[in-house]
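Taking it in order: structure first as structure tokens, then the write-up.
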Amino acid sequence: MNIETERLVLRPFLERDAADVLEYLAEPAVNCFACMKLKNLEEAQAEMRKRISGAEYSFAIVHKETGRVIGEIEAYPESSDPHGDGNAPQDTFSPCWMLNRAYQGKGYAYEAAYAFFDYLFREKGARRIYAYTDDYNIPSQRLCEKLGMRREGLFVEFVSFVSNPDGTPRYENTMQYAVLKREWLSQHREL
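The opening residue of the sequence shown carries number 6 in the working numbering; numbering runs sequentially from there.
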């Protein structure tokens, strides 16, 4: 499954994407992706093999003009009743996105996220999409707002992805944004 926009193609990862992915995962831009850090091309190739093995909701963001993978976006369906018996619809998604620093600030993240959200709402039965972003990640907050998401809350010292120099956890403040299908469709009638 591919999703095309004016400048991008969102598609499943391929083994040949390893070098491009290594470029932005050698030093992830924000701490929440620290666990995804890759050290070398061999690790990147192994990661590509894992990603290829089945990820219906995970896409490489490919720049049409160059054919390079410039980032990624993914989300997996969650139950709308996490404490239920498992029969509740899987209609809630929490996407993660990451873009190579060299391609940031050019509208690519918005273009990819917009197409991905529309795909989830119109083709995958999403009822609600929510996103977490660190309080220091202003570009991600702006992206959420540009996508029509509303800020729902701030979780103070919510999670730790990295450690302080003394080895203690460094807790981060996390914001949550969300948009409902009815809100999305109301904002984007042109499609």
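Quick reminder that beta carbons are idealized off the backbone N, C-alpha and C, glycines included.
State the CB to CB distance for the pair residue i and residue j, rounded to an integer number of angstroms; the pair is presumed to be in contact (CB under 8 Å).
i, j, result
"N178", "V167", "Actually they do not touch by this definition, with Cβ atoms about 14 Å apart."
"W102", "A120", "Not really, about 11 Å apart at Cβ, beyond 8 Å."
"F18", "R56", "4 Å"
"R156", "M180", "6 Å"
"L197", "F122", "Residue 197 lies beyond the range of the chain shown here (6 to 196); nothing can be said about it."
"A136", "P100", "6 Å"
Check for me: the beta strand (DSSP E) holding residue i runs from which residue to which?
i, result
"A183", "P174 to L185"
"F163", "R155 to S168"
"S63", "S63 to H68"
"L15", "L13 to R16"
"E77", "V74 to E79"
"M103", "C101 to L104"
Terminal residues of the continuous alpha helix (DSSP H) containing residue i?
i, result
"D139", "Premise fails: D139 lies in the beta strand (DSSP E), R133 to D139, not in any alpha helix (DSSP H)."
"M53", "L46 to I57"
"E28", "A23 to L30"
"P148", "Correcting the residue identity first, residue 148 is Leu in this sequence and not Pro. I143 to K151 is the extent of the alpha helix (DSSP H) around L148."
"L125", "Y113 to E128"
Can you grab the Cα-Cα spacing for the pair residue i / residue j, in whole Å?
i, j, result
"I8", "N169", "40 Å"
"N80", "G172", "Going by the sequence as given, residue 80 is Ala instead of Asn. About 31 Å."
"A60", "R127", "19 Å"
"M154", "W189", "9 Å"
"G72", "A24", "13 Å"
"N142", "Y182", "13 Å"
"E20", "I66", "14 Å"
"V26", "S191", "35 Å"
"A117", "T138", "17 Å"
"C149", "I134", "11 Å"
"P82", "G112", "26 Å"
"A3", "H88", "No answer is possible for residue 3: the residues shown for the chain start at 6 and end at 196."
"S145", "G91", "32 Å"
"R16", "M6", "6 Å"
Can you name, in chain order, every residue of its own chain whose Cβ lies under 8 Å from the Cβ of residue i, other than the five neighbours on each side?
i, result
"A31", "K42, L43 and K44"
"D86", "A93"
Excluding the 5 residues flanking residue i on each side, which residues of the same chain have their C-beta closer than 7 Å to its C-beta?
i, result
"E28", "N105"
"K69", "R12, L13 and V14"
"Y124", "I8"
"P174", "S165 and S168"
Leaving out five residues before and five after residue i in sequence, what residues of the same chain have Cβ atoms less than 6 Å from its Cβ?
i, result
"R132", "D96 and K186"
"N36", "Interpretation of N36 is limited by its pLDDT of 46, a score under 50 that renders its predicted location unreliable; the figure taken from the coordinates is listed afterwards. These residues qualify, in order along the chain: F166 and V167."
"G130", "D96"
"D22", "M53, A65 and V74"
"Y108", "I75"
"H193", "none"
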